[in-house]
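Asker: Just dropping this structure here.
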């Protein structure tokens, strides 16, 4: 947050395009790192039901609200320096969060900092009037000492066959869903009508998208949820080419429906990816997925540029990729109703590509660690 806000303030005083672009790159690095870290932290300190609520309505709804406010600010603040400053100042309000938000107990356990993890859980139990057990992480502490706490690196995302396949599929999914999401968003000026209004409408459609994603995550297995929303978005984008050019409103409505499906899948990607990877590499797993989505956001403008040759071409390409990826999602492991894995051995197997079964001991260890974390609630 410090990088994002600090360099945004400096960016206001840019004296050249080169300076603005370099600072914008740094701001972007800070912004996405801040988003991923906050998402992972919330996912690990909250229980299952609260985690889903936090990941969709808690995080994404406020993103959509900010997205809707953006065209309103841009409409009334036409000077880019004033606009940038107005969008930067609210970041200063996040400074006190450093002293308010606790560290993830799950992460502390994997680092061998058992006492700190227990202190956080006891504090949470006291605030929520829940009796904390005398010993919370005894088993975890013994295992930690036996493993001597090794440091995990990004290479662990491809070290084993199962994790490697998960990482490859994750990169593909984030890349394609990002191309669809940002491609539709950036193609807003090519839609008929007022660009500010179109931007607002495409932002507003994200609110029901996140509500749908929230309900799907609560009641439907992850693979079917992701597949269904991706197919919805992809098929609608493909059908746009059948709409006569004179029916501008219908075309805009179909684009919004496509945005609804892709956005719902995008929001569920954060939850699903966090559930796929074990605690020891979860932050890196979500990070590599998020990095792939940034690559997709870089590529997506070139899809939009194809509209100069044919206005339907961007939708045909984005729709085709989205449909294909929606079908590939069915090969992902299912994490619905399962506790978050703690180590690499507890990771679910990719369907049809890995056949190694997890031991009963790994499952028991995961349950024991989960029992300690379950005390955490939204009152943290």
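In the numbering used here, the protein residues as written are 1 to 380.
No residue lacks a Cβ here, since even glycine has one placed at the ideal position from N, Cα and C.
This one's a predicted model, so the numbers in the text were calculated from it and none came from an experiment.
1. What's the call for residue 181, buried or exposed, on a 16-neighbour Cβ count within 10 Å?
2. Are the Cβ atoms of residue 169 and residue 328 separated by less than 8 angstroms?
3. To which residues of the same chain is residue 206 closer than 7 angstroms at the C-beta, ignoring the five residues directly before and after it?
4. Here's the rule: buried if 16 or more other CB atoms are within 10 angstroms of the residue's CB, otherwise exposed. What is residue 15?
5. Identify whether residue 129 lies in helix, strand or coil by the three-state DSSP scheme.
6. With distance defined between alpha-carbon atoms, name the residue in 166, 1, 6, 155 nearest to residue 334.
7. Could you give the distance in angstroms between the alpha-carbon of residue 134 and the alpha-carbon of residue 113?
8. Between the Cα of residue 230 and the Cα atoms of 238, 261, 254, which residue gives the shortest distance?
9. Can residue 127 be considered in contact with the ligand SAM, in the sense that its beta carbon sits closer than 7 angstroms to one or more heavy atoms?
10. Just how far apart, CA to CA, sit residue 3 and residue 186?
11. Contact defined as beta carbons within less than 8 angstroms: I believe residue 447 pairs with residue 152. What is the distance between those atoms, to the nearest angstrom?
12. What residue range is occupied by the uninterrupted alpha helix (DSSP H) comprising residue 105?
13. Name the two residues that bound the continuous alpha helix (DSSP H) containing residue 206.
14. If we ignore side chains and look at the alpha-carbon of each, how far apart do residue 295 and residue 175 end up?
15. Taking the continuous alpha helix (DSSP H) assigned at residue 265, which residues delimit it?
16. CB residue 347 to CB residue 162, shorter than 8 angstroms?
17. Going by the beta-carbon positions, is the gap between residue 424 and residue 314 smaller than 8 angstroms?
18. Report the three-state DSSP secondary structure of residue 349 (helix, strand or coil).
19. My understanding is that residue 118 touches residue 100, with C-beta atoms under 8 angstroms, so please give their C-beta distance in whole angstroms.
20. Report yes or no: do the stretch 31-49 and the stretch 69-84 share at least 3 C-beta pairs separated by less than 8 angstroms?
21. Quick check: what's the CA-CA separation for residue 172 versus residue 292?
22. For residue 272, does the count of other Cβ atoms within 10 angstroms reach 16, so buried, or fall short, so exposed?
23. Looking only at its chain, what residues have a beta carbon closer than 7 angstroms to the beta carbon of residue 237, apart from the 5 residues adjacent to it on each side?
24. Looking only at its chain, what residues have a beta carbon closer than 8 angstroms to the beta carbon of residue 200, apart from the 5 residues adjacent to it on each side?
Answerer: Straight from the coordinates:
1. Around the beta carbon of residue 181, 16 or more other beta carbons lie within 10 angstroms, which makes this residue buried.
2. In this structure, residue 328 lies closer than 8 angstroms to residue 169 by Cβ.
3. Around residue 206: 64, 67, 263.
4. With fewer than 16 other beta carbons inside 10 angstroms of its own, residue 15 counts as exposed.
5. Residue 129 falls in the coil class under three-state DSSP.
6. The candidate whose alpha carbon is nearest that of residue 334 is 166.
7. Cα-Cα distance, rounded: 17 angstroms.
8. Residue 261 is the option with its Cα nearest to residue 230.
9. Among the ligands in the structure shown, none appear at all, so the ligand SAM cannot be discussed.
10. Taking the straight line from one Cα to the other gives about 25 angstroms.
11. In the structure as shown, the chain starts at 1 and stops at 380, and residue 447 therefore has no counterpart that could be examined.
12. For residue 105, the enclosing alpha helix (DSSP H) stretches over residues 105-110.
13. Where residue 206 is concerned, the enclosing alpha helix (DSSP H) stretches over 206-219.
14. Computed Cα separation, rounded: 7 angstroms.
15. Per DSSP, residue 265 belongs to the alpha helix (DSSP H) from 248-276.
16. With contacts defined as CB atoms closer than 8 angstroms, residue 347 and residue 162 qualify as a contacting pair.
17. With the chain covering only 1 through 380, there is no way to say anything about residue 424.
18. Residue 349: coil per DSSP, three-state reduction.
19. Incorrect: roughly 20 angstroms between the Cβ atoms, too far for contact.
20. Proximity of the stretch 31-49 to the stretch 69-84 falls short of the contact definition, fewer than three beta-carbon pairs being nearer than 8 angstroms.
21. Distance between the alpha carbons of residue 172 and residue 292 is about 8 angstroms.
22. That one is buried.
23. Answer for residue 237: 258, 315, 318, 319, 322, listed in chain order.
24. Within its own chain, the residues whose Cβ lies closer than 8 angstroms to the Cβ of residue 200, once the five positions on either side in sequence are excluded, are 68, 71, 72, listed in chain order.
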